[in-house]
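Here the working numbering runs 5 ahead of the position in the sequence shown, where the first position is 1.
Right, one structure below, let's go through it.
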Amino acid sequence: MKEIILAKYGEIILKGGNRPKFENILMNNIRNSLKNVAEVKARLAQATIYVEVFDEDKMDIVVERLSKIFGIVSITRAVVCEKYIEDIKAKAKEYLKKNMAGTEILDVEQDLSNWKLEIKICAKGEVQIWTKCMQMNC
């Protein structure tokens with residue numbers, strides 16, 4: 006299971022014709038901040054910075070470093086998967102089972118009318134059921 010980091014930037018998106026200049030500065034800042042931490046590949050597409058970390062043990066450190074870079078407003082850890090709902094469901098169950106020890110995934114449902122993936126989670130030994138909705142950007 007390949008985990009990546011998605012970073013969103015803020016005010017840069019509002020720039021006009023010189024936006025690529027500011028995006029390049031931000032990408033250079035990211036590369037410089039991470040060059041001594043871990044081997045990464047960072048690329049920019051549709052106002053999102055995709056950061057692949059080749060050493061999964063360094064993922065937490067990379068997330069911490071990214072959170073301190075001026076211009077980045079949100080950071081999300083994500084799993085790479087195919088654009089088929091069966092693959093999305095399988096990866097969601099596997100990812101949540103790994104990262105939420107002591108929980109059981111009851112069900113994963115889709116609502117394609119608004120591109121939401123609903124995951125029903127139950128903590129072992131408890132009666133409560135939590136529902137987590139994820140927005141899918143395809």
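Ideal Cβ positions, reconstructed from N, Cα and C, are used throughout, including at glycine.
These numbers come from a predicted model, not from an experiment.
Taking 8 angstroms as the upper bound for CB-CB distance, Tyr55 and Leu11 are in contact here, some 6 angstroms apart. When DSSP states are grouped into helix, strand and coil, Glu44 belongs to the coil group.
Per the DSSP secondary-structure output, Arg82 pairs in a beta bridge with Ile10. Here Ala52 has Ile18 as same chain residues with Cβ atoms under 6 angstroms from its own Cβ, once five neighbours each way along the sequence are excluded. By the Cβ criterion, the region 67 to 79 is not in contact with the region 88 to 102, since fewer than three pairs of Cβ atoms, one from each stretch, lie closer than 8 angstroms. In the DSSP assignment, Glu57 falls within the unbroken beta strand (DSSP E) covering Thr53 to Val58.
Taking every protein chain shown into account, the CB of Ala97 has 16 or more other CB atoms within 10 angstroms, so this residue is buried.
Judged by beta-carbon spacing, Ile35 lies beyond the 7 angstroms limit of Val85, meaning their Cβ atoms are not closer than that value. Shown here for Ser38: same chain residues with a beta carbon closer than 7 angstroms to its own, the five before and five after excluded, namely Arg70 and Ile74 in chain order. Burial state of Tyr14 is buried, judged by a 10 Å Cβ sphere holding 16 or more other Cβ atoms.
For Ile77, the three-state secondary structure derived from DSSP is strand.
If you ignore the 5 residues before and after Lys46, its C-beta comes within less than 7 angstroms of the C-beta of Glu57, all in its own chain and listed in chain order. Looking at the DSSP output, Ala95 sits in no beta bridge, so it has no partner there. A direct Cα-to-Cα measurement between Asn23 and Arg48 gives close to 18 angstroms. When DSSP reads this structure, Leu101 sits in no beta bridge, so it has no partner.
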